[in-house]
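In the numbering used here, the protein residues as written are 131 to 227. For each residue, glycine too, the CB sits at the ideal point set by N, CA and C. Each remark here refers to the structure printed beneath this line.
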């Protein structure tokens, strides 16, 4: 397999609710574990934006806090979504950095 590792993460509570802290914690946990397995490139779903019904601004708030965190071996993270509006919000958030 061309994949070094696969990580599964959930950023919702038992009632399908989410917030920026829960999303950030899920990404940080997963990225730290992947970094420890020497992964350099990561593709990730936009956590909390499906069943979690996360708003774009809440996801952007989590993303702003995530992108300033260092993960020693990870060189790139690609966020994947089928939602064009969310993709535009992510691009806008990243352009600010």
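Supposed close pair residue i, residue j - CB separation, criterion 8 angstroms
i           : j           : result
residue 203 : residue 158 : Between residue 158 and residue 203 the Cβ distance is about 15 angstroms, and since that is not below 8 angstroms, they are no contact.
residue 172 : residue 161 : 7 angstroms
residue 190 : residue 223 : 5 angstroms
Buried/exposed call for residue i, threshold 16 Cβ in 10 Å
i           : result
residue 164 : buried
residue 205 : exposed
residue 219 : buried
residue 142 : buried
The alpha helix (DSSP H) enclosing residue i, as first and last residue numbers
i           : result
residue 218 : 214 to 225
Query raised in the report: Can you give, in chain order, each stretch of the alpha helix (DSSP H) that sits fully within the segment 140 to 208 and has at least 4 residues?
Result: Runs of the alpha helix (DSSP H) inside the segment 140 to 208: 150 to 166, 186 to 196.
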